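Asker:
Protein chains in written order, with this note's numbering: chain A, 1 to 216; chain B, 1001 to 1216; chain C, 2001 to 2216.
(1) Which residues, taken in chain order from the segment 2137-2167 of chain C, show a beta carbon closer than 7 Å to some beta carbon of chain A?
(2) Could you compute how far the alpha carbon of residue 1139(B) sits from the alpha carbon of residue 2170(C)?
(3) Among the candidates 2124(C), 2194(C), 2045(C), 2054(C), whose CA atom is the shortest distance from the CA of residue 72(A)?
(4) So which residues on chain A does residue 1072(B) lean against when the C-beta distance must stay under 7 Å?
(5) Strictly under 9 Å for the Cβ-Cβ distance: is residue 2059(C) near chain A by that measure?
(6) Which ranges does the alpha helix (DSSP H) cover as unbroken runs of at least 4 residues, wholly within the segment 1065-1134 of chain B, from first to last along the chain?
(7) Is it buried or exposed for residue 202(A), if we count other Cβ within 10 angstroms and need 16 for buried?
(8) In angstroms with no decimal places, state the Cα-to-Cα distance between residue 2032(C) and residue 2152(C).
(9) Just checking: is the beta-carbon of residue 1114(B) within a distance shorter than 9 Å of some beta-carbon in chain F?
(10) Quick one: Cα of residue 154(A) to Cα of residue 1089(B), how far?
(11) Measuring CB atoms only, is the segment 2113-2129 of chain C touching the segment 1112-1126 of chain B, in the sense that at least three cross pairs come out at less than 8 Å?
(12) Return the CA-CA distance between residue 2077(C) and residue 146(A), expressed in angstroms with no decimal places.
(13) Under 8 Å Cβ-Cβ, which residues of chain A neighbour residue 2062(C)?
(14) Thinking C-alpha only, which one of 2103(C), 2102(C), 2024(C) is nearest residue 2082(C)?
(15) What do you get for residue 1177(B), buried or exposed, if any count of 16 or more other CB atoms within 10 angstroms of its CB means buried?
(16) From residue 2097(C) to residue 1196(B), what distance separates their C-alpha atoms?
(17) Alpha carbon to alpha carbon, what distance is there between residue 104(A) and residue 162(A)?
(18) Rank 1041(B), 1172(B), 1148(B) by C-alpha distance to the C-alpha of residue 204(A) and give the top, closest one.
(19) Classify residue 1143(B): buried if its beta carbon has 16 or more other beta carbons within 10 angstroms, exposed otherwise.
(20) May I have the straight-line CA-CA distance separating residue 66(A) from residue 1099(B), to the nearest angstrom?
(21) At which residues does the alpha helix (DSSP H) containing residue 1189(B) begin and terminate?
(22) What are the boundary residues of the alpha helix (DSSP H) that residue 2062(C) is part of?
(23) Should residue 1037(B) be flagged as near chain A, meaning a C-beta pair shorter than 9 Å?
(24) Pull up the distance between the alpha-carbon of residue 68(A) and that of residue 2157(C), whole angstroms please.
(25) Spatial neighbours of residue 1127(B) within its chain, please: C-beta separation below 8 Å, excluding the five flanking residues on both sides.
(26) Quick one: list the residues of chain C neighbouring residue 69(A), beta-carbon separation under 8 Å, in chain order.
(27) Return the CA-CA distance between residue 220(A) and residue 1194(B), expressed in angstroms with no decimal places.
(28) Quick check: what's the CA-CA separation for residue 2079(C) versus residue 2188(C)?
(29) Can you list, in chain order, the residues of its chain with a C-beta nearer than 8 Å to that of residue 46(A)? Leave out the 5 residues immediately preceding and following it.
(30) Please check if any C-beta of chain A sits within less than 9 Å of the C-beta of residue 2034(C).
(31) Are the C-beta of residue 2204(C) and some C-beta of chain A separated by less than 9 Å?
(32) Identify which residue in 91(A), 94(A), 87(A), 22(A) has its Cα closest to the Cα of residue 110(A).
(33) Suppose you measure from the CA of residue 2198(C) to the CA of residue 2192(C); what does that come to, to the nearest Å?
(34) From the DSSP output, in three-state form, read off residue 2044(C) for me.
(35) Looking at the C-beta of residue 1042(B), does it have a partner C-beta in chain C at a distance below 9 Å?
(36) Given a cut-off of 9 Å on the beta-carbon distance, is the pair residue 160(A) and residue 131(A) in contact?
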């Protein structure tokens, strides 16, 4: 691959990565505003939602300090998303469809980036796929735990499964020595398409039939 | 000790370890089913309950990536426990006594394994005993936080204390140069027996008398 | 600086650090007692509130095992605070003003210590300021998550902002090569004064105006 193209691909990935960060940060800010946090609480929750997936991955593979703590752009993007949501909450809610699309893009990109980084740190295929999924869903889980709710990713339309599917493409492609660009793009696309189909067709995974209900 | 016996001991420990993982995973799956998670959410919660204690320990001592992420058997055992509980929820609830026994076995084994690994990483006696306790209770704490409940281990029959007792045997035995096998087995047994006595005799630790109640 | 003075400064910092730990541990114990945890649960929550900020910082910068796990004095101070609160809950509640002051001291000291340690581990200025803030607020966040409440630091009087201000003084002073003692003391003082003013004047950050309320 000529250097020119590599630069373009890297630039595109960075842009998508920051878009995904932005989408996850907005989901955190919306959750914070709904729970009447003050503006700083909203910013902390934005950052937590955007960065936790990558932080969990980096802690688990020992890549310390975590990238999203070290790179000021993630902090900056989170702050912009948080402030925007805080002051124009009604408008952000109205473009929630756009947010869902960004979120799906972020999920796909975080899942493949997580799996690829885990492979680069010499983890085996199953751990790498798991870590890719965790990188994708971690932010949403931490966001919901911080506002004392059961994580939505545990029960909403196909979400963690889409992340696992995207991460698995990276792991399988790596094992079969497919070209990295193809593998990365296919994985992200698979996750994104699965997620969008799940949203628009209302696909859901089965829920346990149980007579007893939780304590709360 | 002849190699033959060592192999047998190692095999037994591995079997018990996976049994403990299975028991903790079932407790996670039951919590997930009660909160109407979808099947994937149930699997994630099974794995979180089974693996979090060991993950916390491995992160704290810097043994990265954590063992339960790297060893596919823990993932496999969690998935089997989760799927079983999801589809045969009523039956699993009926053998809850068996689950409690497995859980007590798991608690004892996780506590001694946690303390022993911390000592192997050159931690002092107090940190090692603490980490043994944390390894034992961590899974239950993370499970309950993820379904937005106050961790049961903070208020149910003697639980964390049993784990601390088992871990302390390992630490004290190590300081006194007792034979590792004896120490390990005594620690696990002490934790298991304490826990079973607490369950069947209804032993409880005192609760603070306080007039004000929590906000929720 | 003559060695004599250095010893005095180090001694003072250690005393304040343990006072801060004590204050955070009391806040954890009060939360545990209000939620009817048993005595051991109260002790675990005391330790979690006192140690989590530092643990998060040490995990993020890779300083493993975390200092508050390794140094028995933090455990001892937490246990003393927890037992005291458990048995004399009414009296501790009555001196809650004193507790708030200790808490503000602890916040300031944890924030500067967090930022200074992050700089010592070669983190850049923005990550170091962030980690200082996280060290200060981490204990309160974990405490509230463990009793299933939305962290108070996300919505009470200027709290995380005070920690960030104190940490920023350390980072800026370090960049400008100011003498470390001056920087450290100024940072801690700024955080403490901001926090006390916020409490006694009822300063608050704005909260988002939103029509929809959280699900719970």
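All C-beta atoms, glycine included, are put in the ideal place defined by N, C-alpha and C.
Being a predicted model, the structure only gives us computed values, none of them experimental.
Answerer: Short version:
(1) Residues of the segment 2137-2167 of chain C with a C-beta atom less than 7 Å from some C-beta of chain A are 2145, 2148, 2149, 2150, 2151, 2154, 2155, 2160, 2161, listed in chain order.
(2) Start at 1 with the first residue of the second chain, and residue 1139(B) comes out as number 139. Start at 1 with the first residue of the third chain, and residue 2170(C) comes out as number 170. When rounded, the distance between both Cα atoms is 37 Å.
(3) Position 72 of the first chain holds residue 72(A). For the residues 2124(C), 2194(C), 2045(C), 2054(C), the minimum Cα distance to residue 72(A) belongs to 2124(C).
(4) Translated into the one-based positions of the second chain, residue 1072(B) becomes position 72. Residues of chain A passing the Cβ test: 126.
(5) Reading the third chain from its first residue, position 59 is the one you call residue 2059(C). For residue 2059(C), the answer is yes, since a Cβ of chain A falls inside 9 Å of its Cβ.
(6) Taken in chain order, the complete alpha helix (DSSP H) segments of 4 residues or longer contained in the segment 1065-1134 of chain B are 1067-1070, 1072-1087, 1089-1094, 1096-1120.
(7) Indexing the first chain from 1 puts residue 202(A) at position 202. The residue in question, residue 202(A), is exposed, as its Cβ has fewer than 16 Cβ neighbours within 10 Å.
(8) Numbered from its first residue, the third chain carries residue 2032(C) at position 32. Numbered from its first residue, the third chain carries residue 2152(C) at position 152. Cα-Cα distance, rounded: 15 Å.
(9) Chain labels in this structure do not include chain F; the protein chains are A, B and C.
(10) Indexing the first chain from 1 puts residue 154(A) at position 154. Indexing the second chain from 1 puts residue 1089(B) at position 89. For residue 154(A) and residue 1089(B), the distance between alpha carbons rounds to 18 Å.
(11) no
(12) Numbered from its first residue, the third chain carries residue 2077(C) at position 77. Numbered from its first residue, the first chain carries residue 146(A) at position 146. Rounded to the nearest angstrom, the two C-alpha atoms are 27 Å apart.
(13) Here the question's residue 2062(C) lines up with position 62 in the third chain. The answer, in chain order, is 62, 64, 65.
(14) Counted from its first residue, the third chain places residue 2082(C) at position 82. It is 2024(C) whose Cα lies nearest to the Cα of residue 2082(C).
(15) In the second chain, the residue the question calls residue 1177(B) occupies position 177. Residue 1177(B) comes out exposed.
(16) Looking up residue 2097(C) in the third chain gives position 97. Looking up residue 1196(B) in the second chain gives position 196. When only Cα atoms are considered, residue 2097(C) and residue 1196(B) end up about 43 Å apart.
(17) As a working note, residue 162(A) is residue 162 in the first chain. As a working note, residue 104(A) is residue 104 in the first chain. Taking the Cα positions, residue 162(A) is about 9 Å away from residue 104(A).
(18) Working through the first chain from its first residue, we reach residue 204(A) at position 204. Minimum Cα distance to residue 204(A) is reached at 1041(B).
(19) The sequence position of residue 1143(B) within the second chain is 143, counting from 1. So residue 1143(B) counts as buried.
(20) In the first chain, the residue the question calls residue 66(A) occupies position 66. In the second chain, the residue the question calls residue 1099(B) occupies position 99. If I take the Cα positions, the gap works out to 38 Å.
(21) The residue labelled residue 1189(B) in the question sits at position 189 within the second chain. In the DSSP assignment, residue 1189(B) falls within the alpha helix (DSSP H) that extends over 1180-1201.
(22) As a working mapping, residue 2062(C) is identified with position 62 in the third chain. Here residue 2062(C) belongs to no alpha helix (DSSP H), and DSSP marks it neither H nor E.
(23) What you label residue 1037(B) is simply residue 37 of the second chain in a count that begins at 1. Interface residue, yes.
(24) By 1-based counting over the first chain, the position of residue 68(A) is 68. By 1-based counting over the third chain, the position of residue 2157(C) is 157. Distance between the alpha carbons of residue 68(A) and residue 2157(C): 28 Å.
(25) Here residue 1127(B) is taken as the residue at index 127 of the second chain, counted from 1. Counting only Cβ-Cβ distances below 8 Å, and skipping sequence neighbours, we find 1118.
(26) The residue labelled residue 69(A) in the question sits at position 69 within the first chain. Here the neighbours are 2060, 2123, 2127, 2130, 2131.
(27) There is no way to answer for residue 220(A), as the model of chain A reaches only from 1 to 216.
(28) As a first step, residue 2079(C) must be located in the third chain, where it is residue number 79. As a first step, residue 2188(C) must be located in the third chain, where it is residue number 188. Rounded to whole angstroms, residue 2079(C) to residue 2188(C) spans 26 Å at the Cα level.
(29) Here residue 46(A) refers to the residue found at position 46 of the first chain. The residues are 25, 26, 28, 29, 32, 78, 79, 81, 82, 85.
(30) As a first step, residue 2034(C) must be located in the third chain, where it is residue number 34. With 9 Å as the cut-off, residue 2034(C) does not count as an interface residue toward chain A.
(31) Sequence index remark: in the third chain, residue 2204(C) carries index 204 (1-based). Chain A, which has a Cβ nearer than 9 Å to the Cβ of residue 2204(C), makes this yes.
(32) Indexing the first chain from 1 puts residue 110(A) at position 110. Comparing Cα positions, the closest option is 22(A).
(33) Within the third chain, the letter at position 198 stands for residue 2198(C). Within the third chain, the letter at position 192 stands for residue 2192(C). Those two C-alpha atoms are separated by around 10 Å.
(34) Within the third chain, the letter at position 44 stands for residue 2044(C). Residue 2044(C): helix per DSSP, three-state reduction.
(35) Residue numbering aside, residue 1042(B) sits at position 42 when the second chain is read from its first letter. Chain C contact via Cβ: absent.
(36) Here residue 160(A) refers to the residue found at position 160 when the first chain is read from its first residue. Here residue 131(A) refers to the residue found at position 131 when the first chain is read from its first residue. No, the pair does not count as a contact, with Cβ atoms beyond the cut-off.
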